Structures are given as structure tokens and as C-alpha cells.
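*Asks:*
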Amino acid sequence: MRVTLERANLLKSLNHVHRVVERRNTIPILSNVLLNAEGASLEMKATDLDLEITEATPAQIEQAGATTVPAHLLYDIVRKLPDGSEVMLSVDPEGSTMTVASGRSNFKLQCLPQSDFPQLAAGEFSHTFRLDSATMRRLIERTQFAISTEETRYYLNGIFIHSAENDGKIVLRAVATDGHRLARCETEAPDGSENMPGIIIPRKTVGELQKLVDNPDVAVIIELSDSKIRMTIGAVVLTSKLIDGTFPDYQRVIPQGNDKAMQVERKTFTDAVDRVSTVSSERGRAVKLALSDGTLTLSVNNPDSGSATEELAVSYDADPMEIGFNARYLLDIANQLSGSDVKFLLADAGSPTLIEDTNDALALYVLMPMRV
Amino acid sequence: MAQSGTFGFCRDCMTPRTNSARRCIKCGSPRKAEHPELNELSIAHIDCDAFFASVEKRDNPDIRDKPVIVGGGKRGVVSTCCYIARTYGVRSAMPAFKAMELCPDAVVIKPDGEKYARVGRQVRAMMEELTPSVEPISIDEAFLDLSGTEKLHKDTPARTLAKFAKRVEDEVGISVSVGLSYCKYLAKIASDFEKPRGFSVIGKAEALSFLADKPVKMIWGVGPSFERTLHSDGIKLIGQLQEMDEGTLMKRYGTMGQRLFNLSRGIDHRTIKQRGAAKSVSHETTFNEDHATADVLVPVLRALSEKVSARLKQKNIAGRTIVLKLKDKEFKSITRNKQLSDPTQLADRIFRTAMTMLEKEINGTKYRLLGVGVSDFADSQRADPLDLIDIDGTRRAEMERAMDKLRGKFGDRAVETGYTFGTGSRGKPKRKEND
């Protein structure tokens with residue numbers, strides 16, 4: 001193999017693929033990136049056996065071929081090469097070392113045979129549809145924060161994407177929950193998604209995908225098989241296993257009859273929550289919301305350090321009530337909202353509370369109260 | 001050790017003693033406390049004598065004059081043996097079968113941890129009436145700092161301690177040994193000196209000569225392996241250490257060298273600390289026979305989880321890490337732990353989490369011990385938050401709280417889950433008559 005290409009192109013592609021590679025690996029080949037020079041492009045591929053990212057970039061191929069080299073090492077080298085330079089990659093005849101040459105810099109990297117590189121067989125794709133990048137990004141960002149990290153409930157360790165009916169319209173819906181909060185965001189169902197099975201995209205895949213959908217002009221092509229998802233974003237192809245589990249029936253935890261409505265200016269609210277929770281000993285302690293006619297009193301009481309209260313003017317005219325929430329969860333949700341206001345729909349101190357985005361009717365959040 | 005000196009009193013009637021007669025002039029008791037520095041020392045170590053066995057003898061006068069071993073059933077070890085049993089050579093931590101060989105007539109009693117804890121707390125409470133500086137070391141021993149309590153008790157620390165020892169005998173019905181000195185290290189050595197019902201004093205003036213002819217293993221921190229190291233370096237007696245300088249000792253033994261230097265000279269600057277909060281709560285049990293199967297292990301795990309949970313609830317704390325402990329028949333310990341997303345104090349969550357770990361260890365290996373614990377404590381306010389998705393879990397939590405209420409009213413076994421129903425103590429298979 002012998003190729004020459006622009007550093008900028010190589011760096012951009014390596015940046016996309018190398019992140020999949022875990023820093024510590026017990027299987028040496030998984031630390032490597034597969035380089036495949038063919039036709040007029042260099043294809044790079046990295047995997048952790050659950051997730052695989054492939055990207056092709058234009059290159060001058062003097063001699064076609066393939067090899068694998070340590071991914072993070074190659075990325076670090078290319079990153080440190082000067083802007084605007086050209087890079088030549090060449091593998092020795094034995095296939096044991098690859099030379100990275102650029103200007104006066106010369107590196108030799110140890111190779112592992114490309115035949116050892118694992119392939120993530122995707123199988124037959126049964127469903128295909130397209131989403132524009134901005135929509136994909138919105139679905140991810142509105143829900144990602146609520147993904148659970150709890151190992152025992154592995155089926156919550158991702159975003160549940162499925163087709164649902166809302167007000168007689170078919171929608172594509174993303175849901176994530178960790179049992180304490182739930183985030184749901186939807187979009188008009190793209191052609192081909194109507195009959196899709198519900199899938200759970202793992203957290204790591206979601207994270208990588210989010211970084212890849214930064215160009216609004218490029219659409220995401222989504223293909224589904226029984227156990228895998230493939231997403232093509234321009235030159236990048238991401239293939240991932242899906243979480244093999246059943247996402248719980250989240251619809252039944254979304255409260256329907258919450259009739260106590262409270263609306264408050266978002267920035268004022270988040271600033272105040274942030275301020276009063278300063279006295280908490282650790283993040284995530286309860287903040288108490290006391291509601292009465294037109295007034296919200298936030299308070300935090302920490303027996304070890306002190307207490308804090310702050311009063312806010314809100315729109316509220318139902319019966320007075322008190323309810324406690326995890327301060328961090330409140331802020332996480334409030335930070336996802338795009339409207340200038342936050343709207344709470346409450347029932348009582350022990351029941352789930354609904355939070356709506358006044359600017360985005362397609363997103364909603366459920367938050368479980370804490371006992372205070 | 002107790003030299004004839006100017007200060008002393010009778011430990012039975014507290015009458016001051018001025019002469020060197022063998023018995024008290026007032027009550028005729030030979031038990032005395034006497035030491036030139038008696039009125040200046042205030043650091044004490046108090047240790048209950050053969051604690052578990054003494055409690056059992058107190059509660060059952062029939063066994064008072066018999067050798068008594070408190071320990072675990074067919075296997076397991078001697079927890080405590082009374083002083084009569086000790087004359088046969090029985091010692092604590094000795095395998096039960098060996099103790100029975102030495103002393104076939106011994107009365108063997110199954111330990112009743114809750115009873116001992118109750119008595120231990122009673123004694124602890126009495127200690128805390130003497131001084132707020134009580135540092136418990138275990139259920140039956142503690143360090144006390146009585147400095148500055150003369151006015152409160154209108155008596156010297158020594159006399160206060162003697163009165164305390166008598167009060168424990170009268171009110172609790174067990175005996176204690178007291179060691180009095182100017183530092184923890186020597187107080188601990190002193191309390192061990194005249195057991196049982198001892199009262200030993202080591203003063204500043206005699207510390208060096210007292211320690212000089214003692215073996216190095218009497219230094220706190222010198223265990224069997226370090227003792228071997230010292231022996232191979234030709235150091236057998238504390239007196240030899242007294243002749244060496246700090247630099248040499250530190251060069252040879254690191255920080256331990258500094259400790260050797262100080263303790264060999266009776267220098268111990270450790271203060272009496274009230275013990276901080278516990279770091280974990282756990283329960284474990286050793287089986288009479290090794291078990292490999294779920295039908296035996298699971299009920300035990302459930303029962304132990306409930307015990308751990310009860311302790312957490314009583315202390316109003318919760319923990320985030322669940323620890324499973326197993327010991328196989330070769331005595332190899334296995335511990336597995338799992339982090340929860342939220343702290344818990346519920347038996348249900350402790351049990352279910354430990355169960356996922358136990359399932360992986362049920363592979364034909366026979367286990368002799370099973371234990372479960374909770375650590376990584378957090379505020380109980382954050383324990384077991386309401387969950388949106390886990391509706392069954394929420395229901396089980398409610399069920400557990402209802403069961404707790406019933407148990408509070410009608411006793412621990414008033415209501416139990418099917419896991420432990422019909423089993424013996426701690427969920428173990430019921431013992432057969434001849435067991």
C-alpha cells in the first residue's frame with residue numbers, strides 16, 4: 001500500500017473514526033484502525049465490536065492495499081503535522097511496518113494484518129429512511145441527558161426510537177429515561193419509518209452520532225436490520241449493534257391528568273435553582289418548590305452547612321403545594337428547553353411532574369419528585 | 001508491677017490503704033490498687049473478661065462452675081471461652097473440634113450476638129458516664145481518657161475506674177479488667193496483665209524497665225511476620241530496641257522503625273478518638289456443612305439481606321455499593337461488589353443485587369460462608385428514590401415498608417417472604433435434632 005493525501009482530509013476522517021477505539025484493549029487488533037487504499041480513496045475503519053465507523057477520503061493511490069496501525073497513535077501523529085501538509089502512507093513489502101512521511105517528518109508504525117480485523121456483519125436491512133441532520137441532532141440532544149448508566153437495567157442505556165401515533169399523525173419518536181426523569185421528543189415520521197420496529201440505540205453510538213451530525217446540509221440515511229443499525233452521513237458510515245432488550249412501556253408513566261399548571265421564566269428559574277443549590281453538600285440534593293398564588297419559593301436545607309431560599313414570581317393559581325426535586329435533574333431539563341419559559345404540570349408531591357417546552361410542542365419531559 | 005508506695009486503696013470497699021498489709025484493714029479484701037503515680041494517671045483501657053462466656057454464665061447459674069465455650073456449632077471456631085475452659089488449653093479463635101478434644105466436658109453455647117451487643121452497649125453507656133472520651137475498639141473493650149474528670153466525679157481517675165469496675169460487676173453481672181497508664185499503648189498492656197478482674201497500673205517512671213524484658217511482639221503492630229524479621233535481625237526483647245537510635249530503626253524498617261523506637265520507650269502520642277461512623281454494614285454466616293446450591297444459599301442471602309437492611313434502617317443510613325462475600329471449602333474468599341445508581345436501605349434491592357452476583361458464583365463450588373454487606377454510604381434522604389419505570393420495584397418497596405411495620409409490632413418473624421419461610425436461623429436449613 002502506498003498513498004498520498006492531504007493532512008486536513010486524513011485528520012478529519014481519523015478524528016471521526018478513532019474515537020470508537022477504546023484506550024485500553026485486551027485484544028490488540030481493536031486498538032488499530034484499518035486503512036484500505038482502493039480506487040481514488042483511502043477508507044478508514046475502527047471498531048469496538050459493538051460499534052464500527054468507516055469513512056473514506058480522497059487520496060492518490062500509487063499502490064492499492066490495506067493494513068492496520070494503532071489508531072490513537074496515528075491520529076496523534078497526523079494531528080501534530082503542520083497545517084496544509086501532505087502525508088504519504090506506505091507499507092513495507094513484508095507488511096510489518098507502515099511509514100508516515102510528511103515534509104521532513106518520518107514515522108514508522110507497527111502493523112497488524114488487515115485480515116485479522118473484525119468485521120461487524122450487518123445482515124439484511126429491512127427498513128430504510130432518511131432524516132435531515134438537524135432533526136437527528138434535535139432528537140438526540142433533547143433526550144440524551146436522560147439515558148441511564150445503570151448496568152442492571154441495560155435496556156435503559158440508550159435512546160428508544162420508534163414509530164408512534166400522536167393526534168392521528170404518525171411520528172418518529174425518541175425516548176430516554178433513567179427511572180428518575182424521562183425525555184421524549186418526536187418528529188414527523190419520514191417515509192419508510194412508519195413500520196419500523198422499536199430500537200434502542202446504545203449510549204456510545206448516540207454520542208458518536210451526535211458528533212457526526214454537525215453539517216445541516218447532509219441527510220442521515222438510516223438502515224435497520226434485526227440487531228443492527230447503519231447510519232450513513234455523507235462519507236461516514238456508522239454501524240452499531242442495538243441494545244437487545246425491551247424498552248418499558250413509557251406511555252403509562254407520562255401523566256395525563258396533571259392539572260396544576262405553573263409557568264416561570266426559564267433563565268430566572270434556572271439561575272435561582274442553581275443559586276439555592278449552592279448550599280447542597282453534593283450535587284443532586286433536593287430543592288423544595290413551595291407554590292402558592294403567583295409565588296414559587298425555592299428552598300434547600302443542608303443540615304451540615306445551612307439553608308437557602310429564594311422567591312420567584314410565577315404564573316400559578318391552583319391550590320398551594322410543596323414538592324421536592326433533584327436540583328441537577330431540574331437544571332438538566334431546563335437546559336434542554338428552547339422557549340423562554342418553563343411550564344410545569346403538577347399533580348401532587350408524590351407523583352410524576354410533566355415539564356413542557358413552551359417553544360417546542362414536540363418535546364416533553366417527566367420528572368419524578370423526591371421525598372423532602 | 002504494683003510496688004508498695006504511698007498511694008493505694010482497697011478495690012472492694014475503696015478504703016485508702018496506708019500500710020503494706022496484705023489485706024484491707026476494713027473489709028479484709030486482698031484486692032488493692034497501689035502505685036506511686038496512681039493519682040497522676042488518667043488513660044485507661046477497659047476490657048470485659050471472657051465477655052461472651054461471662055454473659056452466658058450470668059444468665060445461667062448452672063454452668064457457672066463448668067468450662068464454657070461460646071462458638072459456632074459443629075464447625076467454626078471458639079469465639080470466647082471462660083477461664084475454666086482456658087485451663088484446659090482452650091483459646092479463642094481455636095477450631096471448635098480442637099477445643100472439644102482438649103476439653104470434652106465443655107458446655108458449648110451458640111453465640112447470641114444480639115444479647116452480647118445489648119450487654120456491650122450497657123457497659124459502653126456506663127463508660128460514657130465517666131468521660132466523653134471513649135474510644136471503643138470492639139464490643140467489649142475501649143480506651144478511656146479520664147483527664148480532667150476529678151471535679152466531676154470528686155475522685156481521682158484511678159478510684160473512679162475501680163468504682164466503675166465494681167459497678168459493672170454489681171449491675172451488669174460480668175467482670176472487667178482495667179489497665180491504667182499515661183498512654184494508650186501501656187494502658188492496653190496493663191489491662192491484659194491481671195485478667196480477670198484485674199486492675200494494673202504502669203507509671204511513667206517504670207515504663208522503660210517494665211518494657212525492657214518483654215518480647216518484641218508486645219509492641220503494637222508487630223505481628224508474627226514482623227516478629228520473624230526482628231528475630232532474624234537478632235532483636236528479641238524490647239530492651240534491645242531501647243538501645244537503638246531512631247535513625248537506624250527508620251533506615252531499617254521505615255515508618256515501622258519510628259514506631260518501634262517510640263513504643264519501646266513507652267512513647268505513644270495517639271489520642272483517644274471517639275470512633276467515626278461505620279463505613280459498611282454487613283452480615284455473614286458460616287454453614288454447618290458446605291453448600292453449593294441455590295436452594296440453600298438463596299434463603300440465607302435473603303435473611304442476611306434483611307438483617308443488613310434492618311441495621312441500615314435503624315441507623316437511618318443508605319449505601320450505594322452491595323458486597324457479596326463467599327468462602328469456599330478451601331477457605332478461599334471471594335468478594336464481588338456492584339454499584340447501584342442510587343443508595344438503598346431496602347432488603348429487596350440488597351437481595352436482588354446480591355442475587356445477580358451470587359448466580360454467577362453458583363457453579364458447583366461448595367461454600368462454607370456467605371455474607372452480604374452495604375457500603376459507600378450516602379444521605380438516606382436520597383435512598384431509594386421513586387422510580388418512573390420500575391413499578392414492581394416501587395410496589396415491593398411499599399410491601400417491605402408494610403412488613404417492617406408489622407415486624408415492629410409483632411416481632412421479627414411475624415411476617416416473612418417465601419424465601420425464608422420455614423428455614424432456621426439466618427435462613428439456614430433447619431437443624432436436625434442430632435445436629
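Chains as they are written, first to last, in full-length UniProt numbering: chain Z, 1 to 372; chain B, 1 to 435.
Each residue gets a CB set at the ideal place from its N, CA and C atoms; glycine is no exception.
This structure is a prediction, so every number in the text was calculated from the model and none was measured.
What are the start and end residues of the alpha helix (DSSP H) that includes residue 165 of chain B?
*Replies:* By 1-based counting over the second sequence, the position of residue 165 of chain B is 165. Where residue 165 of chain B is concerned, the enclosing alpha helix (DSSP H) stretches over 157–167.
*Asks:* Short of 8 Å Cβ to Cβ, which residues in the segment 232–262 of chain B face chain Z?
*Replies:* Listed by position, the residues of the segment 232–262 of chain B near chain Z (Cβ gap below 8 Å) amount to none.
*Asks:* Quick one: list the residues of chain B neighbouring residue 248 of chain Z, beta-carbon separation under 7 Å, in chain order.
*Replies:* As a first step, residue 248 of chain Z is located in the first sequence; it is residue number 248 there, counting from the start. By Cβ distance, chain B contributes 389.
*Asks:* May I ask you to list, following chain order, the residues of the segment 343–366 of chain B that have a beta carbon less than 9 Å from some beta carbon of chain Z?
*Replies:* Against chain Z - using a Cβ distance shorter than 9 Å - the residues of the segment 343–366 of chain B are 352, 353 and 356.
*Asks:* Using a Cβ cut-off of 8 Å, pull out every chain B residue sitting near residue 369 of chain Z, in sequence order please.
*Replies:* Working through the first sequence from its first residue, we reach residue 369 of chain Z at position 369. Those within 8 Å of residue 369 of chain Z in chain B are 386.
*Asks:* Report, in whole angstroms, the separation of the C-beta atoms of residue 200 of chain B and residue 194 of chain B, which I expect to be a contact under 8 Å.
*Replies:* Residue mapping note: residue 200 of chain B aligns to position 200 of the second sequence, counting from 1. Residue mapping note: residue 194 of chain B aligns to position 194 of the second sequence, counting from 1. The pair is a contact, with the Cβ atoms about 5 Å apart (cut-off 8 Å).
*Asks:* Tell me, please, whether the CB atom of residue 273 of chain Z is closer than 9 Å to any CB atom in chain D?
*Replies:* In the displayed structure, chain D is absent; the protein chains listed are Z and B.
*Asks:* Which chain Z residues are close to residue 309 of chain B, counting only those with a beta carbon under 8 Å from its beta carbon?
*Replies:* For the purposes of this step, residue 309 of chain B is taken as the residue at position 309 of the second sequence. Ordered by position in chain Z, no residue passes the 8 Å Cβ test against residue 309 of chain B, which lies about 18 Å from the chain.
*Asks:* Reducing DSSP to helix, strand and coil, say where residue 82 of chain B ends up.
*Replies:* Working through the second sequence from its first residue, we reach residue 82 of chain B at position 82. Looking at residue 82 of chain B - three-state DSSP - the assignment turns out to be coil, as it is neither helix nor strand.
*Asks:* Out of curiosity, what's the CA-to-CA distance linking residue 196 of chain Z and residue 79 of chain Z?
*Replies:* Numbered from its first residue, the first sequence carries residue 196 of chain Z at position 196. Numbered from its first residue, the first sequence carries residue 79 of chain Z at position 79. Roughly 41 Å separates the two Cα atoms.
*Asks:* Quick one: Cα of residue 337 of chain B to Cα of residue 44 of chain B, how far?
*Replies:* For the purposes of this step, residue 337 of chain B is taken as the residue at position 337 of the second sequence. For the purposes of this step, residue 44 of chain B is taken as the residue at position 44 of the second sequence. Going by the C-alpha atoms only, they are around 39 Å apart.
*Asks:* Can the beta-carbon of residue 247 of chain Z be found less than 9 Å from the beta-carbon of residue 155 of chain Z?
*Replies:* Here residue 247 of chain Z is taken as the residue at index 247 of the first sequence, counted from 1. Here residue 155 of chain Z is taken as the residue at index 155 of the first sequence, counted from 1. Yes, the pair counts as a contact, with Cβ atoms nearer than the cut-off.
*Asks:* How close, in whole Å, do the beta carbons of residue 197 of chain B and residue 175 of chain B come, if the pair is a contact with beta carbons under 8 Å?
*Replies:* Here residue 197 of chain B refers to the residue found at position 197 of the second sequence. Here residue 175 of chain B refers to the residue found at position 175 of the second sequence. So it is a contact: roughly 5 Å between Cβ atoms.
*Asks:* For the alpha helix (DSSP H) containing residue 224 of chain B, list its first residue and its last residue.
*Replies:* Within the second sequence, the letter at position 224 stands for residue 224 of chain B. Taken as a continuous stretch (DSSP letters only), the alpha helix (DSSP H) holding residue 224 of chain B covers 224–232.
*Asks:* Quick check on residue 367 of chain B: does DSSP put it in helix, strand or coil?
*Replies:* By 1-based counting over the second sequence, the position of residue 367 of chain B is 367. Strand at residue 367 of chain B.
*Asks:* Taking 6 Å as the limit between beta carbons, can you name the residues of its chain near residue 90 of chain Z, skipping five residues before and five after?
*Replies:* Residue mapping note: residue 90 of chain Z aligns to position 90 of the first sequence, counting from 1. Cβ neighbours of residue 90 of chain Z beyond the five flanking positions: 2 and 99.
*Asks:* Taking beta-carbon pairs under 9 Å, can you tell me which members of the segment 145–160 of chain Z lie near chain B?
*Replies:* Going along the segment 145–160 of chain Z in chain order, one finds 148, 149, 150, 151, 152, 153 and 156 with a Cβ nearer than 9 Å to chain B.
*Asks:* Contact check, residue 320 of chain B vs residue 278 of chain B under 8 Å by CB: the rounded distance?
*Replies:* Looking up residue 320 of chain B in the second sequence gives position 320. Looking up residue 278 of chain B in the second sequence gives position 278. About 15 Å separates the two Cβ atoms, so there is no contact after all.
*Asks:* Hey, could you find the ends of the alpha helix (DSSP H) residue 393 of chain B is sitting in?
*Replies:* On the second sequence, position 393 is the one that residue 393 of chain B refers to. 391–410 is the span of the alpha helix (DSSP H), which, as asked, contains residue 393 of chain B.
*Asks:* Just mark residue 366 of chain Z as buried or exposed, buried being the case when its beta carbon has 16 or more other beta carbons within 10 Å.
*Replies:* Position 366 of the first sequence, counting from 1, holds the residue named residue 366 of chain Z. Buried, because 16 or more other Cβ atoms sit within 10 Å of the Cβ of residue 366 of chain Z.
*Asks:* Helix, strand or coil: how does DSSP classify residue 195 of chain B here?
*Replies:* For this step, residue 195 of chain B is matched to residue 195 along the second sequence. The answer is coil: DSSP assigns residue 195 of chain B none of H, G, I, E or B.
*Asks:* What does a CB cutoff of less than 7 Å around residue 227 of chain B pick up in its chain, not counting 5 residues either side in sequence?
*Replies:* By 1-based counting over the second sequence, the position of residue 227 of chain B is 227. Contacts found: 216 and 217.
*Asks:* Measure the CB-CB distance between residue 15 of chain Z and residue 58 of chain Z and report whether it falls below 9 Å.
*Replies:* Stepping through the first sequence from its first residue, residue 15 of chain Z is reached at position 15. Stepping through the first sequence from its first residue, residue 58 of chain Z is reached at position 58. Contact flag unset, no.
*Asks:* With residue 321 of chain B as the anchor, note down where its beta strand (DSSP E) starts and where it stops.
*Replies:* On the second sequence, residue 321 of chain B is found 321 positions in, with the first residue counted as 1. Counting along the chain, the beta strand (DSSP E) containing residue 321 of chain B begins and ends at 318–328.
*Asks:* Given a cut-off of 9 Å on the beta-carbon distance, is the pair residue 376 of chain B and residue 179 of chain Z in contact?
*Replies:* Taking the second sequence and counting its residues from 1, one reaches residue 376 of chain B at position 376. Taking the first sequence and counting its residues from 1, one reaches residue 179 of chain Z at position 179. Not in contact: residue 376 of chain B and residue 179 of chain Z (Cβ atoms no closer than 9 Å).
*Asks:* Whole-angstrom Cβ separation of residue 31 of chain Z and residue 21 of chain Z, contact assumed at under 8 Å?
*Replies:* As a working mapping, residue 31 of chain Z is identified with position 31 in the first sequence. As a working mapping, residue 21 of chain Z is identified with position 21 in the first sequence. Sure, about 6 Å apart at Cβ, within 8 Å.
*Asks:* Quick check on the burial criterion: 16 or more other C-beta atoms within 10 angstroms. Buried or exposed for residue 26 of chain Z?
*Replies:* The residue given as residue 26 of chain Z occupies position 26 in the first sequence. Burial call: exposed.
*Asks:* Where does the unbroken alpha helix (DSSP H) through residue 366 of chain Z begin, and where does it stop?
*Replies:* The sequence position of residue 366 of chain Z within the first sequence is 366, counting from 1. First-last for residue 366 of chain Z: 360–367, but that is the beta strand (DSSP E), not the alpha helix (DSSP H).
*Asks:* Just list the beta strand (DSSP E) runs in the segment 182–259 of chain Z, keeping only unbroken ones of 3 residues or longer that don't cross its boundaries, in chain order.
*Replies:* If we require 3 residues or more, the beta strand (DSSP E) runs fully inside the segment 182–259 of chain Z come out as 199–202, 219–224, 228–233 and 236–241.
*Asks:* Report the neighbours of residue 182 of chain Z on chain B: residues whose CB is nearer than 7 Å to its CB, in chain order.
*Replies:* Numbered from 1 along the first sequence, position 182 holds the residue referred to as residue 182 of chain Z. The answer, in chain order, is 388.
*Asks:* Curious, which full-length alpha helix (DSSP H) runs of at least 4 residues does the segment 291–351 of chain Z contain?
*Replies:* Complete alpha helix (DSSP H) runs here, min 4: 327–336.
*Asks:* Starting from residue 50 of chain B, trace the beta strand (DSSP E) in both directions and tell me its first and last residue.
*Replies:* Mapped onto the second sequence, residue 50 of chain B falls at position 50. That residue, residue 50 of chain B, is in no beta strand (DSSP E); it is neither H nor E in DSSP.
*Asks:* Quick one: measure Cβ to Cβ for residue 204 of chain B and residue 37 of chain B, integer angstroms, because I've assumed they're closer than 8 Å.
*Replies:* Here residue 204 of chain B refers to the residue found at position 204 when the second sequence is read from its first residue. Here residue 37 of chain B refers to the residue found at position 37 when the second sequence is read from its first residue. Rounded, the Cβ-Cβ distance is 6 Å, consistent with contact.
*Asks:* Out of B:354, B:347 and B:212, point me to the one whose CA is closest to residue 312 of chain B's CA.
*Replies:* For the purposes of this step, residue 312 of chain B is identified with residue 312 of the second sequence, where counting begins at 1. For the residues B:354, B:347 and B:212, the minimum Cα distance to residue 312 of chain B belongs to B:347.
*Asks:* Which ranges does the alpha helix (DSSP H) cover as unbroken runs of at least 4 residues, wholly within the segment 27–110 of chain Z, from first to last along the chain?
*Replies:* The qualifying runs are 71–80.
*Asks:* Apart from the five residues just before and just after residue 139 of chain B, which ones in its own chain have a Cβ nearer than 8 Å to its Cβ?
*Replies:* Within the second sequence, residue 139 of chain B is the residue found at index 139, counting from 1. 51, 116, 117 and 120, listed in sequence order.
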